[in-house]
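Contents: one structure, followed by commentary.
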Amino acid sequence: MTTVGRLEVICGPMFAGKTTELIRRLRLHADSGEAVLAVKPARDTRYGAGALRSHARDSFIALEMHGAGELLTLAVQAGIIGIDEAHFFGADLAGPVAALVASGKRVIISGIERDHRGRPFPPFPDLLCEADEVLKLATVCARCGAPAIHSHRLFENDDPIAVGGPGEYEARCRVCFRAGA
Ligand SMILES: [Zn+2]
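Numbered by numbering that gives the first Met the number 0, the letters in the sequence shown go through residues 0 to 180 in order.
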């Protein structure tokens with residue numbers, strides 16, 4: 000029987016529950032006995048190494064990956080591959096992910112699809128195009144309570160890749176995001 004690969008993308012602003020949803024899906028596969036690999040960026044050290052961790056304190060054992068080039072080697076034994084905070088890996092992640100899907104693996108990716116200025120955040124333009132399934136999560140605007148789709152940065156730094164948590168970023172709706180400050 001042919002094994003058909005699949006790409007699932009979970010995206011949205013910070014604090015929308017993306018990692019929680021990724022962990023939920025990975026647990027379902029692990030509980031049914033499938034070989035699951037979870038990876039996260041080595042530079043994302045907010046809540047400690049060795050596991051995916053959500054803001055809600057859910058966790059799932061994960062390997063740390065320094066760059067997208069390591070993915071194919073790490074994933075050799077796995078049928079299900081979960082990747083958290085995919086925006087940290089940049090555009091280089093799209094090729095290895097497509098190769099895994101083409102080889103019959105199921106890849107589930109979580110991350111922020113827009114940067115702190117609201118621009119498309121690589122590798123999400125490519126991943127969203129390639130995906131079999133997309134889940135866009137929203138949360139509540141920190142300013143007005145409307146549905147929030149943006150991650151507003153509260154500190155001065157124009158590097159799109161800058162780690163932060165509550166106090167450094169705020170989820171905002173379209174209107175409050177445009178208003179800035
Ligand atoms: Zn708002």
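Just so you know, even glycine gets a beta-carbon here, dropped at the ideal spot from N, CA and C.
Contact between Asp131 and Glu7 is confirmed by a C-beta separation of about 7 Å, below the 8 Å threshold. Counting along the chain, Cys10 sits inside the beta strand (DSSP E) bounded by residues Arg5 to Cys10. If you look at Gly94, you'll find it in the alpha helix (DSSP H) that goes Ala93 to Ala101. Three or more Cβ pairs drawn from the region 166 to 176 and the region 13 to 26 lie within less than 8 Å of each other, which places the two stretches in contact. Residue pairing for Gly81: DSSP places it in a beta bridge opposite Ala37 and Ile107. Per the DSSP secondary-structure output, Glu169 pairs in a beta bridge with His151. Phe88 is positioned such that its CB atom lies closer than 8 Å to that of Pro122.
The Cβ atoms of Val35 and Leu21 do not sit closer than 8 Å to each other. If you compare the alpha carbons of Ala55, Phe59, Arg23 and Glu63 with that of Arg42, the shortest gap goes to Glu63.
For Leu51, the enclosing beta strand (DSSP E) has its first and last residue at Ala50 to Arg52. Phe59: member of the beta strand (DSSP E) spanning Ser58 to Ile60, first to last residue. Collapsing the DSSP output to three states places Glu112 in coil. For the pair of segments examined, the region 69 to 89 was found to touch the region 103 to 110: the number of CB pairs separated by less than 8 Å reaches three. Under the three-state reduction of DSSP, Thr19 is assigned to helix.
DSSP, read as helix, strand or coil, puts Thr72 in helix.
For the pair Ala137 and Ala147, the Cα-to-Cα distance works out to about 6 Å. Straight-line spacing of the CA atoms in Arg56 and His149 works out to 22 Å.
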